[in-house]
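First up is the structure itself, then whatever we jot down about it.
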Amino acid sequence: MSADEMQGVVHGLAFGFQIVNMAVSRPAPVMIASRMAQRGRSNYIAMYGDESENSDNGGGVEKDIAKLNNQLGYMSKELEDVRFNA
């Protein structure tokens, strides 16, 4: 991919956020990923409190990621086919 083609792709992504009808400062996939990560962290804190890996609040207990994804995710749940914005 040439530099001009790459620039065109990034420019197009800046207009793909769909919430506003103008360019955003970061490409849409980056904005959406950031908001989804923030939403996931909020869900985790709501479920377990504000535990971080760098604190002793968790008592050294490791969380089962597959179990967390099943509990906090949308797959195989009523909201699976519902569109939402992060």
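To convert, take the position in the sequence shown, counting from 1, and add 338; that gives the numbering used here.
The C-beta atom is built at its ideal place from N, Cα and C for all residues, glycine as well.
Fair warning: this is a prediction, and the values are worked out from it, not measured in the lab.
Item, Value
"Extent of the continuous alpha helix (DSSP H) run through residue 367", "366-386"
"Secondary structure of residue 357, DSSP reduced to three states", "coil"
"Residue 365, buried or exposed, once every other Cβ within 10 Å from all chains shown has been counted against 16", "buried"
"Pairwise C-alpha distance: residue 346 and residue 400", "44 Å"
"Beta-carbon proximity check, residue 341 vs residue 352, cutoff 7 Å", "no"
"Alpha-carbon to alpha-carbon, residue 416 and residue 407", "15 Å"
"Start-to-end residues for the alpha helix (DSSP H) that takes in residue 343", "341-352"
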